[in-house]
Amino acid sequence: MRFFRVMLPLGVLVSLAVAAGFALFDPLKIAMDLPFDLGRVSLSGSRIKMELPKLSGFTNDNRGYSVTAKSATQDLTHPDQIDLEEIEARLELAEQGWAKLTAQAGHYNTKSESMMLDQGIRFDTSAGYGGTLQEVKVDVKAGKLLSEQPVELRYLDGKLTADRMEVSQKDSRALLTGNVRLVFKMPPPDTDKAKATPKPATPTSPAPAVP
């Protein structure tokens, strides 16, 4: 059971990152079948900048998501490269829960369908677990996430740290290497319950019969 509690945040994290990658697959093209908010678009030289872009939709397993950014910039001389600022991705979970991923900066390559996030990456969920990362590379097409910088995942009763992390959504596999440390806090003993439980009566020998 504890193993599944450790793995759950990793699965949610890669789902979030992949959903964000799909949503940002060339955000400067308007998809008419998706609720897409362009924000304000400006042109400076060969660079197009879109302020406050927002895109929402559904994943393959019918979970709603939304992705926003402070800005998305594309150089017309390198149309497959997109620079992002202050990204926030939100994904619906079971039982009306949610997960959120934020990063100060990101870079998306539409040709390789890969996304790099860095600078203050934070992961939070409505269930109370989350984590922080320094750098994340997401292979959107393969459904893989790779961090070659230290990561920290937080749980309600502990935390998991490692120098490197690789997660595969398709294989449901996670590999953590380098100074891997898992710390759990043991719950305090339930003293009230122990006091409330009556002790079994001590059997007594019958009194001898009086002649």
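Numbering follows numbering that gives the first Met the number 0, in which position 135 of the sequence shown is assigned residue number 134; successive positions increment by one, without gaps.
Glycine residues also receive a C-beta, built at the ideal position from the N, C-alpha and C atoms.
### Message
In whole angstroms, give me the CA-to-CA distance for L155 and P187.
### Response
14 Å
#### Entry: Cβ neighbour criterion (16 or more within 10 Å) applied to R89
buried
### Query
Nearest CA to the CA of V166: which residue from F183, A104, G142, S43?
G142
### Message
Just to check my reading of the structure: S211 and Y64 have Cβ atoms closer than 8 Å, yes? What is that Cβ distance to the nearest angstrom?
### Response
Nothing can be reported for residue 211: it is not among the residues displayed for the chain, which extend from 0 to 210.
### Message
Strictly by DSSP, which residues pair up with K143?
### Response
D138, S167
### Query
Among M164, D138, L181, V139, which residue has its Cα nearest to the Cα of Q148?
M164
### Query
Beta-carbon separation of Q118 and Q103 under 7 Å?
yes
### Query
Can you name the residues that DSSP bridges to Q80?
N108
### Query
Tell me which same chain residues have a C-beta within less than 8 Å of the C-beta of Q133, skipping the five on either side of it?
D117, I120, S146, Q148, P149, V150
#### Entry: DSSP beta-bridge partners of Q95
In the DSSP output, where bridge partners are listed per residue, Q95 has none listed.
### Task
Give the secondary structure of L181 by DSSP, where H, G and I count as helix, E and B as strand, and everything else as coil.
strand
### Query
Do L75 and S45 come within 7 Å of each other at the CB atom, strictly closer than that value?
yes
### Message
Using only the alpha-carbon positions, how far apart do M114 and E87 sit?
### Response
14 Å
### Query
Given a threshold of 16 other Cβ atoms within 10 Å of its Cβ, counted over all protein chains shown, does M211 qualify as buried or as exposed?
The structure shown does not extend to residue 211, since the chain is modelled only from 0 through 210, so no value can be given for it.
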